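Take a look at the structure set out below.
In full-length UniProt numbering, the protein residues as written are 1 to 342.
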């Protein structure tokens, strides 16, 4: 939690009101969210802010149906808004709360199951004291976050220690029951950090991702997935050759030079293993030779409404204008820092 506090403070300073968030360019919102991951949440948050502005006069509604209609709002977020902001007796059941309830009531059902969550939501509604929904739900969350922790819970300082069935039965370390999530699928990718020449000297090439899907509309270094066989082996073809061919397919004449760095990035369902190679532009992009339609933008034209790949040449100062996944942000900073130290 301490890690995200500076992000929260910067975000609120940048967008101090619902109107400010609703009216901001999406790239500005994504840039402010940069480093937190789960970028669809930033888009959903802005979409919801626009809904609140346009449908509710800029005031977050206190009606359950209206709250659920906001983009990205599910049972937990709706319960948190209604109970904490409006003191309505609605459950706000997250992982912390499920852990506390599992231990306190000795609930041995798998908390990953929807039926278990539904049961706990009903249980919380029964437990909420009259007129105390806001304080109760926040206290339950804090109890799980600070005292009834996943490992080595602080039972001796817990205010409900004497009534906790899990502690009494010596089960506090084995509860809650939770099915292990499927590990993320590994993917191997080679990445091109293309150095510009001529009028692009001192700049590198970045591209914008498609309008939908993983990391939608964010900016990245060009990269390609390397297929692996069933045994997990990489192809015999050198990674730099694969990368050079991919760049040629995109219409870019660039020569792979040397290995810059390796990097990893984990999403909820995918784990990227990245090999980053420094490449050198040999000629300007030739659209006629490209297998893919794309556009090379100017620094003033950064937000397009097309799924065609968009590329742009940037220097270190330009990075402030674009939102990058953390793995590419770190790679770019590493490269530019090395260039400055030469």
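Cβ atoms here follow ideal geometry from the backbone N, Cα and C, with glycine treated the same way. In this text, all values refer to a predicted model and were calculated from it rather than measured experimentally.
Residue i in three-state terms, based on DSSP
i, result
"residue 249", "helix"
"residue 293", "At residue 293, the pLDDT of 41 sits below 50, so the modelled position is not reliable and the matter cannot be decided from this model."
"residue 261", "strand"
"residue 27", "helix"
"residue 269", "coil"
"residue 311", "strand"
"residue 322", "coil"
"residue 328", "helix"
"residue 304", "Unreliable placement is indicated for residue 304, whose pLDDT of 47 sits below 50; the coordinate value is still reported in the next sentence. Three-state result, residue 304: coil."
Check whether residue i and residue j have beta carbons under 8 Å apart
i, j, result
"residue 169", "residue 123", "no"
"residue 254", "residue 278", "no"
"residue 141", "residue 110", "no"
"residue 30", "residue 7", "no"
"residue 153", "residue 160", "no"
"residue 191", "residue 221", "yes"
"residue 134", "residue 84", "yes"
"residue 174", "residue 261", "no"
"residue 323", "residue 34", "yes"
"residue 150", "residue 270", "no"
"residue 11", "residue 40", "no"
Distance, residue j Cα to residue i Cα
i, j, result
"residue 104", "residue 65", "31 Å"
"residue 266", "residue 131", "42 Å"
"residue 176", "residue 108", "7 Å"
"residue 45", "residue 72", "7 Å"
"residue 27", "residue 9", "19 Å"
"residue 50", "residue 18", "8 Å"
"residue 92", "residue 273", "36 Å"
"residue 243", "residue 318", "25 Å"
"residue 96", "residue 246", "46 Å"
"residue 178", "residue 100", "13 Å"
"residue 204", "residue 268", "29 Å"
"residue 188", "residue 202", "28 Å"
"residue 299", "residue 206", "Because the pLDDT at residue 299 is just 47, under 50, the model does not fix this residue reliably, and the point stays unresolved."
"residue 61", "residue 163", "38 Å"
"residue 223", "residue 258", "15 Å"
"residue 219", "residue 171", "47 Å"
Near the ligand MN: residue i beta-carbon under 7 Å from a heavy atom
i, result
"residue 215", "This structure does not include the ligand MN; it has no bound ligands of any sort."
Buried or exposed (CB count within 10 angstroms, at least 16 for buried), residue i
i, result
"residue 38", "exposed"
"residue 137", "buried"
"residue 3", "exposed"
"residue 341", "exposed"
"residue 208", "buried"
"residue 326", "exposed"
"residue 80", "buried"
"residue 144", "buried"
"residue 115", "exposed"
"residue 57", "exposed"
"residue 82", "buried"
Closer than 8 Å to chain B by CB, residue i
i, result
"residue 224", "Judged by its chain identifiers, the structure shown contains no chain B, having just a single protein chain."
(Q) Runs of 4 residues minimum, wholly inside the stretch 153 to 222: which ones carry the alpha helix (DSSP H) assignment? (A) 165 to 168
Q: Can you check the UniProt domain "HhH-GPD" (2 to 146) for any alpha helix (DSSP H) of at least 4 residues that lies completely inside it and give the ranges in chain order?
A: 5 to 14, 18 to 23, 26 to 33, 39 to 56, 64 to 68, 75 to 80, 95 to 104, 114 to 127, 133 to 142
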